[in-house]
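For reference, the structure discussed in these notes is given below.
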Amino acid sequence: MSSQISVVKCDSYEPVLVEQRVRQVVDLLGGITSFIKPGSTVLVKPNLLMSKEPEYGITTHPEVVRAVIHILKEINCKIIIGDGPSIWGRFIENVDEVYEITGIKKLCQEEGVELVSFDKRRMRDKYPLTVWLDKCDHLVNLPKFKTHELTLLTGAIKNLFGLVSGTYKLELHKNNFAPPEFAKTLVDIYQDARPALTIIDGILALEGDGPATSGKARQLNLLLGGADCVALDTVMAKIMGIKPQEVLTTKEAARRGLGEGQLSKIKIQGEDIEKLEIKPFVLPITSVKINRLAGPLKNIVKPLLRYYPYSLRAKCTRCGHCVNVCPKKCITLKKRGIFVDYKQCIACFCCQEACPAAAIAVKKSILAKLIGL
Ligand code: SF4
Ligand code: SF4
Numbered sequence: 015m016s017s018q019i020s021v022v023k024c025d026s027y028e029p030v031l032v033e034q035r036v037r038q039v040v041d042l043l044g045g046i047t048s049f050i051k052p053g054s055t056v057l058v059k060p061n062l063l064m065s066k067e068p069e070y071g072i073t074t075h076p077e078v079v080r081a082v083i084h085i086l087k088e089i090n091c092k093i094i095i096g097d098g099p100s101i102w103g104r105f106i107e108n109v110d111e112v113y114e115i116t117g118i119k120k121l122c123q124e125e126g127v128e129l130v131s132f133d134k135r136r137m138r139d140k141y142p143l144t145v146w147l148d149k150c151d152h153l154v155n156l157p158k159f160k161t162h163e164l165t166l167l168t169g170a171i172k173n174l175f176g177l178v179s180g181t182y183k184l185e186l187h188k189n190n191f192a193p194p195e196f197a198k199t200l201v202d203i204y205q206d207a208r209p210a211l212t213i214i215d216g217i218l219a220l221e222g223d224g225p226a227t228s229g230k231a232r233q234l235n236l237l238l239g240g241a242d243c244v245a246l247d248t249v250m251a252k253i254m255g256i257k258p259q260e261v262l263t264t265k266e267a268a269r270r271g272l273g274e275g276q277l278s279k280i281k282i283q284g285e286d287i288e289k290l291e292i293k294p295f296v297l298p299i300t301s302v303k304i305n306r307l308a309g310p311l312k313n314i315v316k317p318l319l320r321y322y323p324y325s326l327r328a329k330c331t332r333c334g335h336c337v338n339v340c341p342k343k344c345i346t347l348k349k350r351g352i353f354v355d356y357k358q359c360i361a362c363f364c365c366q367e368a369c370p371a372a373a374i375a376v377k378k379s380i381l382a383k384l385i386g387l
């Protein structure tokens, strides 16, 4: 696999401009046939985390998906589009609403391509991944450029978690809730799915307490592309102002030899990222800061440095999405809003990720506050 990636500027979602820049991303790497066989069947997987319009910066913009569709059509590919949004919780039928509001349904109608649900699955190794992976020759991965409360960033590797069929995502969260274990799960999925091409939509990115409504949209004006998801996440971390090895999925995938995790060994076509002068991203406040503490101190105080979801009742619409996605079933919906049983909570922040109203914040333990985390 080549650890060559491309970085291209694009300052709006104006359709003609996006298509031109997405083509540039691909052409800088040798053109679409370097990744995809003409006439093949291709599964395209954007990030459709929840039912929010593209302007929130949470989901892959339909114009980026459209540009990829046009490029694939030119080499006579059959295109299938789908994702497994987190909002599913226990209710698979909600995916239709996500497709509608994110603009993907309309796009697929306009472009005449098939839009599918990931409700049927097959066990691949130890994970139930969508059967559409088996029905397609290639996977094209279209993540969004965002911070993530649990994994620090969500880009090329993390986006593949949506290949896990429906409700089983909650099981994986429940059984692998510590960040290093969850990172291994994500890398296992990457190892299995291995997208042929990844293009990251970083035109409107998300910073702060991502990946959903608690994060803040930020105009970044970049598109990144390549086949090596480890290299892409490494460069993405650098652009965000994070040391790439702080991202546990990058570290684990590089350790397994699944891609290039050393910035100096990645060939970047297009923009010189050192000259972009991007202000560091505002990071999520949870595990990153704990992990940055010096070794011995971290081991002593770590058990006391806890973060919990905290309900902002004035914002809560009592929609119940958080209740549905909580893998520990420790959220109760009452008249005044939600109540969390903190004895059961594993701090996975699925509730925050699923909340459409930004009504779940992060509460720190007293020690975390005292030492300024
Ligand atoms: S309350 Fe939120 S953070 Fe706690 S286990 Fe449930 S979904 Fe995860
Ligand atoms: S906290 Fe958010 S997800 Fe939970 S019920 Fe309130 S608005 Fe819905």
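So in my numbering the end of the sequence shown lands on 387, straight run, no missing numbers.
We put the CB at the ideal spot given by N, CA and C, even for glycine.
Reference residue i, options the options, closest by Cα
| i | options | result |
| --- | --- | --- |
| Pro76 | Gln283, Thr168 and Glu114 | Glu114 |
| Ile256 | Pro209, Thr161, Ile171 and Ala219 | Thr161 |
| Asp97 | Cys91, Leu86, Asp110 and Met250 | Asp110 |
| Asp215 | Lys281, Tyr322, Val82 and Ile282 | Val82 |
| Thr147 | Ile93, Gln38, Glu124 and Leu272 | Note that residue 147 corresponds to Leu in the displayed sequence, not to Thr. Minimum Cα distance to Leu147 is reached at Ile93. |
| Lys378 | Glu367, Ala361 and Ala371 | Ala361 |
| Arg80 | Ser48, Lys119 and Leu42 | Lys119 |
| Arg208 | Tyr321, Asp286 and Gly271 | Gly271 |
Residue i burial status per 10 Å Cβ neighbour count (16 or more: buried)
| i | result |
| --- | --- |
| Ser228 | buried |
| Gln276 | exposed |
| Lys343 | exposed |
| Tyr137 | Strictly speaking, residue 137 in this sequence is Met, with Tyr absent from that position. Looking at its Cβ environment, which holds fewer than 16 other Cβ atoms inside 10 Å, Met137 is exposed. |
| Arg232 | buried |
| Asn189 | exposed |
| Tyr356 | exposed |
| Asn338 | buried |
| Leu262 | buried |
| Lys265 | buried |
Whether residue i touches residue j by CB criterion (7 Å)
| i | j | result |
| --- | --- | --- |
| Ile171 | Tyr204 | yes |
| Leu164 | Phe295 | no |
| Cys369 | Cys340 | no |
| Leu211 | Val130 | no |
| Thr55 | Asp151 | yes |
| Ile19 | Leu246 | yes |
| Val21 | Gly222 | no |
| Val376 | Ile299 | yes |
| Thr144 | Leu177 | yes |
| Pro29 | Ile89 | no |
Residue i, enclosing alpha helix (DSSP H) - first and last residue
| i | result |
| --- | --- |
| Glu128 | No alpha helix (DSSP H) holds Glu128; the beta strand (DSSP E) holding it covers Glu128 to Ser131. |
| Arg35 | Pro29 to Asp41 |
| Tyr204 | Pro193 to Ala207 |
| Asp355 | Careful: Asp355 lies outside any alpha helix (DSSP H) and carries neither H nor E. |
Spatial neighbours of residue i in its chain, beta-carbon cut-off 8 Å, leaving aside the 5 residues before and after
| i | result |
| --- | --- |
| Gly351 | Ser325, Arg327, Cys330, Arg332 and Ala373 |
| Glu274 | Ser17, Asp242, Val244, Ala245, Thr248, Ala268 and Ile280 |
Residues near residue i in its chain [Cβ-Cβ closer than 7 Å; skip 5 each side]
| i | result |
| --- | --- |
| Gly334 | Leu347 |
| Asp139 | Asp202 and Asp206 |
Neighbourhood of residue i by C-beta, 6 Å cutoff - its chain only, sequence neighbours within 5 removed
| i | result |
| --- | --- |
| Gly117 | Pro68 and Pro76 |
Residue range of the beta strand (DSSP E) that includes residue i
| i | result |
| --- | --- |
| Arg332 | Taken as a continuous stretch (DSSP letters only), Arg332 belongs to no beta strand (DSSP E), as it is neither H nor E. |
| Ala375 | Ile374 to Lys378 |
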